[in-house]
Amino acid sequence: MRESSRDAFARVFQAIRTSASRQTSPTFASARFSSSASDGRSSSPGAFAVAARPAARPPARPGGSRGPSRAAARHRRTRAPASASLRRLGDRRRRTTDGGRAALIWPRDDVKLERVRALMDERGLDALVVRAPDNVLYLTNFWAMKGYEVCVFPREGEPVLVCLEASAEDSARMAWTSDVRLFRGYDEGDPRPPVARALEIARKVASEYRTLGLELSLGTQASDRMVGEPTTFTREWFHAFGDDVEDATPLLAEARAIKTEQEIERMRLANDIAAAAMEHAKIVIEPGMSEAQLAAEWQ
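Per the working numbering, the sequence shown starts with residue -18, numbered consecutively.
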């Protein structure tokens, strides 16, 4: 009997979870159906998350038809084998429990962090003050939802992640550093926007270092997608750390241009998950389906 892509997707992640229970490397965090990622602190890994829920039965289309049956779909599609990268990842995972979520936990990637430190040493930089969300993610494994977060990354010592209080649990689970400084998003006693409070903490942490690297080439101002409030005041950031600063944007670009083994594995896994999702879409999408009916397949 042939297997649908949906079943193959579930089978692949079940295989990861099963084999992971016998391993000791990056942690696995609990499960409803499939997997995802997070975790944290300097000795614990952080993560790439992809959670999946059991697929709902497609709503009936005009005429009462609900589309191809599961059995029919199995015969219409060839079996989607687990990729080599997914099998390798499954061989290196173990399971934990994390609030009913499934999570794939990544260990701190010291290879790329040491590369950044070597480039800092070449340029005589004592610390980086990073605020672009993709660079914060690169250095801390923490993806900031709002873009307020900052990372002060020293050439020697533990990095400091500055993030919203609302992200405390996520940062504890995901970040590759144990030094997390929290600030309030909105405070009745402080009319300043959240980014100003983040800047205040970052400036205090960075005052311990002499020569700083900032993303001076990132001269744009972004707005919060929910309330339209600026999340980065470019001029204020650029002038908050004194005159002894250098542009660290080229340094970060150079470091990120070379991918580590872990980064390649993560990209392969993301590709495999996306491919499985697209194969599932091939099965369920039919002419005449509404957007709501298709959305029900993913809820």
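Glycine included, every Cβ here is placed at the ideal spot set by N, Cα and C.
Bear in mind that the values here come from a model prediction, so they are computed numbers and not experimental data.
Take Ala125 as the anchor and find which of Leu145, Ala277 and Leu109 has the nearest alpha-carbon.
-> Within the sequence shown, numbered from 1, the residue matching residue 125 stands at position 144. Of Leu145, Ala277 and Leu109, the residue nearest in Cα terms is Leu145.
Start and end of the beta strand (DSSP E) containing Glu227?
-> Within the sequence shown, the letter at position 246 stands for residue 227. Segment Val226 to Asp228, the beta strand (DSSP E) holding Glu227.
In terms of alpha-carbon separation, which member of Ala256, Tyr129 and Leu120 lies closest to Arg136?
-> Position 155 of the sequence shown, counting from 1, holds the residue named residue 136. The option with the nearest alpha carbon to Arg136 is Leu120.
Between the C-alpha atoms of Leu163 and Asp102, what's the straight-line distance to the nearest angstrom?
-> Within the sequence shown, the letter at position 182 stands for residue 163. Within the sequence shown, the letter at position 121 stands for residue 102. Approximately 29 angstroms between the Cα atoms of the pair.
For Phe164, the three-state DSSP class (helix, strand or coil) | As a first step, residue 164 is located in the sequence shown; it is residue number 183 there, counting from the start. Three-state DSSP puts Phe164 in a strand.
Take every Cβ of the segment 237 to 250, pair it with every Cβ of the segment 258 to 268, and state whether three or more of those distances are shorter than 8 angstroms.
-> no
Confirm, please, whether the CB-CB distance from Leu233 to Asn116 is below 8 angstroms.
-> Your numbering for residue 116 matches position 135 in the sequence shown. Your numbering for residue 233 matches position 252 in the sequence shown. Yes, Cβ-Cβ distance for Asn116 and Leu233 is below 8 angstroms.
Give the straight-line distance between the Cα atoms of Arg247 and Gly170, rounded to the nearest whole angstrom.
-> Working through the sequence shown from its first residue, we reach residue 247 at position 266. Working through the sequence shown from its first residue, we reach residue 170 at position 189. Between Arg247 and Gly170, the C-alpha separation is close to 43 angstroms.
Start-to-end residues for the beta strand (DSSP E) that takes in Pro135 | Within the sequence shown, the letter at position 154 stands for residue 135. Its beta strand (DSSP E) spans residues Val131 to Pro135.
Determine the DSSP secondary structure at Ile239, reduced to helix, strand or coil.
-> As a working mapping, residue 239 is identified with position 258 in the sequence shown. DSSP places Ile239 in coil when its eight states are reduced to three.
Have a look at Ser188 and Val176 and give me their C-alpha separation to the nearest angstrom.
-> Working through the sequence shown from its first residue, we reach residue 188 at position 207. Working through the sequence shown from its first residue, we reach residue 176 at position 195. Their backbone Cα atoms lie some 18 angstroms apart in a straight line.
Going by the CB atoms, is the gap between Leu100 and Ala236 shorter than 8 angstroms?
-> Your numbering for residue 236 matches position 255 in the sequence shown. Your numbering for residue 100 matches position 119 in the sequence shown. Yes, these two residues count as a Cβ contact at 8 angstroms.
Length of the line joining the Cα atoms of Asp225 and Leu250 = In the sequence shown, counting from the first residue as 1, residue 225 sits at position 244. In the sequence shown, counting from the first residue as 1, residue 250 sits at position 269. Using only the alpha carbons, I get a separation of about 41 angstroms.
Distance, Cα to Cα, Pro7 vs Asp151?
-> Residue numbering aside, residue 7 sits at position 26 when the sequence shown is read from its first letter. Residue numbering aside, residue 151 sits at position 170 when the sequence shown is read from its first letter. Low confidence applies to Pro7: its pLDDT is 42, below 50, so where it sits in the model is not reliable, and the reading given next is rough at best. Cα to Cα, the separation comes out at about 17 angstroms.
For Gly166 and Ala147, believed in contact at Cβ under 8 angstroms, the rounded distance = Counting from 1 along the sequence shown, the entry for residue 147 is found at position 166. Counting from 1 along the sequence shown, the entry for residue 166 is found at position 185. Sure, about 6 angstroms apart at Cβ, within 8 angstroms.
Evaluate Lys185 with the Cβ neighbour count: other Cβ atoms within 10 Å of its Cβ, from every protein chain shown; 16 or more gives buried, anything less gives exposed.
-> In the sequence shown, the residue the question calls residue 185 occupies position 204. Classification for Lys185: exposed.
Boundaries (first-last residue) of the beta strand (DSSP E) holding Leu109 | Taking the first residue of the sequence shown as 1, we reach residue 109 at position 128. Here the beta strand (DSSP E) through Leu109 covers Ala108 to Val111.
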